[in-house]
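For the sequence shown, the numbering used here assigns the number -10 to the initial residue and increments by one for each residue that follows. Positions of the beta carbon are idealized from the N, C-alpha and C atoms, including for glycine. What follows is a set of notes on a single structure, which appears directly below.
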Amino acid sequence: MAYSLEGTLLEVCTCNVLCPCWIGEDPDGDGYCDAVMAWHIDRGTINGTDVSDLTMSLINHIPGNVLAGNWKVALFVDDKASDQQHQAMVDAFSGKLGGPLADTAQLIGEVVAVEKMPINYQLNEGKGTLRIGTVVDTEMEPYRGPTGVVTTLNES
């Protein structure tokens, strides 16, 4: 494979309580899901280019069931990335290099923008903060059940 990436994901969306899209169900509410996903790469290379300690974000509009595709997205690459790192990340996350990222990329119907932007990605004990320029400013934390224990999704 052309890339090896290790890191974490933050995601927030407009679905009520828990996003049903993660298990292939239709979005709740108005029948669409507007989401922000960001991947912070702790360690990684793409086609031999080191992309460690960089963040890639995807802002997407999912019009109906997540698996039906036709997502409309904007890609944001960490402004700390060199031109070579920027291109490598865009190639990987747009599916051009195959692998698991291509599985997600095939759901995209339209890319409306690809931009470099300052991205502040913080994750501490499961709670996340994500800021993408002046476009996104959000805080999130895991969903907890009635006993206060963080819920998990297993074998889905």
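Neighbourhood of residue i by C-beta, 7 Å cutoff - its chain only, sequence neighbours within 5 removed
i, result
"Q74", "T38, V40, L43"
"A77", "I35, N36, T38, V40"
"D23", "C2, T3, H50"
"V103", "L64, V79"
Residue environment, residue i, which counts as buried when at least 16 other CB atoms sit within 10 Å
i, result
"Y(-8)", "buried"
"G117", "buried"
"I148", "This structure cannot speak to residue 148, because the chain is shown only from -10 to 145."
"D67", "buried"
"L(-1)", "buried"
Assigned secondary structure, residue i (DSSP; H/G/I helix, E/B strand, else coil)
i, result
"V139", "strand"
"A63", "strand"
"D72", "helix"
"G88", "helix"
"V100", "strand"
"C10", "helix"
"T(-3)", "strand"
"S118", "The displayed chain sequence assigns Thr, not Ser, to residue 118. Strand."
"D126", "strand"
"T3", "coil"
"A24", "strand"
"G17", "Note that residue 17 is Asp in the sequence shown here, rather than Gly. In this structure, D17 counts as coil in the three-state DSSP scheme."
"D80", "helix"
Sequence-distant residues of the same chain with beta carbon closer than 6 Å to residue i, five excluded per side
i, result
"G134", "T140"
"I25", "According to the sequence shown, residue 25 is Val rather than Ile. Cβ neighbours of V25 beyond the five flanking positions: V1, I48, V125."
"P83", "For clarity, residue 83 is Ser in the given sequence; the question names Pro instead. Cβ neighbours of S83 beyond the five flanking positions: A94."
"I121", "S46, F65, M106, I108"
"C8", "C2"
"G18", "N5"
"A81", "Y(-8), I35, L90"
Close Cβ partners of residue i (< 8 Å) along its chain, the five nearest in sequence each way excluded
i, result
"G58", "Q95, L96, I97, G98"
"E(-5)", "I30, D31, R32, G33"
"G13", "N54, V55, L56"
"E130", "G115, K116, G117"
- prompt: Do three or more CB pairs link the stretch 95 to 108 to the stretch 48 to 65 at distances below 8 Å?
  reply: The count of Cβ pairs closer than 8 Å, one atom from the stretch 95 to 108 and one from the stretch 48 to 65, reaches three, so the stretches are in contact.
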